[in-house]
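Trainee: For the sequence shown, position 113 (counting from the first letter as 1) is numbered 113 according to the UniProt record's numbering, and the numbering increases by one without interruption. C-beta atoms are modelled at their ideal positions from N, C-alpha and C, and glycine is treated no differently. Sharing a structure here in structure tokens format.
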Amino acid sequence: MSAESPTEQGAHPSPIENSKLPSRETIRTIHDRTVLDKDGQAHRFGSLYSGPGVAKRVLVIFVRHFFCGSCQEFLRTLSESITPETLQPQQTSIVVIGCGDPVLIELYERETSCRFPIYADPTRQLYQDLGLVSTWDLGPQPDYIKKSMPRIVIESIFQALKHVPSGLAHKGGDSKQIGGEFLFEPVEEGPTEGEGAEKQVTWFHRMTTTRDHTEVPELKKILGTGT
Numbered sequence: 001m002s003a004e005s006p007t008e009q010g011a012h013p014s015p016i017e018n019s020k021l022p023s024r025e026t027i028r029t030i031h032d033r034t035v036l037d038k039d040g041q042a043h044r045f046g047s048l049y050s051g052p053g054v055a056k057r058v059l060v061i062f063v064r065h066f067f068c069g070s071c072q073e074f075l076r077t078l079s080e081s082i083t084p085e086t087l088q089p090q091q092t093s094i095v096v097i098g099c100g101d102p103v104l105i106e107l108y109e110r111e112t113s114c115r116f117p118i119y120a121d122p123t124r125q126l127y128q129d130l131g132l133v134s135t136w137d138l139g140p141q142p143d144y145i146k147k148s149m150p151r152i153v154i155e156s157i158f159q160a161l162k163h164v165p166s167g168l169a170h171k172g173g174d175s176k177q178i179g180g181e182f183l184f185e186p187v188e189e190g191p192t193e194g195e196g197a198e199k200q201v202t203w204f205h206r207m208t209t210t211r212d213h214t215e216v217p218e219l220k221k222i223l224g225t226g227t
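Structure (structure tokens):
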């Protein structure tokens, strides 16, 4: 990607760009991208949302670096309200992807109490393919963050410092990279924007600031687990 790319510069996408579904070409491309599990095993990204044994609807959540306290707060709040059991009647599942070293996934699971599968994309290729930008802009504080910002920053730094001896303190992921959420559902009609091999993106949200995940009550409505 060139140095002029908005995803590299950290520029915010325009309202038009941010409301545009991933193209058919993009979905075909990301289907074969690689993500890593906590054991470092490679998986085809498309296998997380399509194929045998996969839920009918899959919400893929892209988070920031693995030491990001704001994203950890988001997943804690999400996990308190939405569980694999509450999603089962809707034939829906959730997958989380971060941009750091997969060795840190177990730490992330412990810190967030997240029961959903977590993978890593340390190359950030998926983030770039899906138009997820880079910024340090905080934006307004969302409802899903319960702690004060100073406390979040201190805890994030402390988590990283604990991994200095192992050399992982700098492997949490790019601190400017932000994420978003993408809902994959079966293709029921002819070719449309967002179509994949078996699923298409029917809803999405690209973050514009570091604290801009979709609020949990809104996600519950989208997933059919609350009003």
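1. Of all the options S19, E198 and L219, which has the alpha carbon lying nearest to the alpha carbon of P52?
2. Leaving aside the five residues before and after Q91 along the sequence, list all residues of the same chain whose C-beta is less than 8 angstroms from its C-beta, in chain order.
3. With burial defined as no fewer than 16 other Cβ atoms inside 10 Å of the residue's Cβ, what is the status of P22: buried or exposed?
4. Would you decide whether H65 is buried or exposed? Buried here means 16 or more other CB atoms lie within 10 Å of its CB.
5. When you compare only the Cα positions, how much space is there between T112 and V187?
6. Should T210 go down as buried or exposed, given a rule of 16 or more other Cβ atoms within 10 Å for buried?
7. Tell me V201's beta-bridge partners as DSSP assigns them.
8. How close, in whole Å, do the beta carbons of residue 229 and F204 come, if the pair is a contact with beta carbons under 8 angstroms?
9. Determine the direct distance from the alpha carbon of G224 to that of S166, and round the result to whole angstroms.
10. Is the beta carbon of P84 less than 9 angstroms from the beta carbon of R115?
11. In whole angstroms, give me the CA-to-CA distance for L36 and C99.
12. Hey, out of F67, S93 and I30, whose CA is closest to L78's CA?
13. Per DSSP, what kind of secondary structure is R24 in: helix, strand or coil?
14. Could you give the DSSP three-state label for Y127: helix, strand or coil?
15. Buried or exposed: which applies to K221, given that a residue is buried once 16 or more other Cβ atoms fall within 10 Å of its Cβ?
16. Nearest-angstrom Cα distance between M207 and V133?
17. What residue from E109, A160 and Q141 has the CA that sits closest to T214's CA?
18. Quick check: what's the CA-CA separation for V103 versus R110?
19. Per DSSP, S134 is paired with what?
20. Measure the alpha-carbon distance for E73 versus W136 and round it to whole angstroms.
21. Note down the Cα distance separating V60 from T26, rounded to an integer number of angstroms.
22. Report the CB separation of I30 from L126 in whole angstroms; it is logged as a contact under 8 angstroms.
Mentor: Looking at the atomic coordinates:
1. The residue with the shortest Cα to Cα distance from P52 is E198.
2. A55, K56 and R57
3. buried
4. Around the beta carbon of H65, 16 or more other beta carbons sit within 10 angstroms, so the residue counts as buried.
5. 33 angstroms
6. Counting the other CB atoms within 10 Å of its CB gives T210 a total of 16 or more, which places it among the buried residues.
7. F184
8. Absent from the model: residue 229. The displayed extent of the chain is 1 to 227, so no value can be given.
9. 42 angstroms
10. yes
11. 10 angstroms
12. Closest option to L78, judged by alpha-carbon separation, among F67, S93 and I30: S93.
13. helix
14. helix
15. exposed
16. 8 angstroms
17. Q141
18. 13 angstroms
19. Answer is Q177.
20. 17 angstroms
21. If you draw a straight line from the Cα of V60 to the Cα of T26, it comes to about 15 angstroms.
22. 6 angstroms
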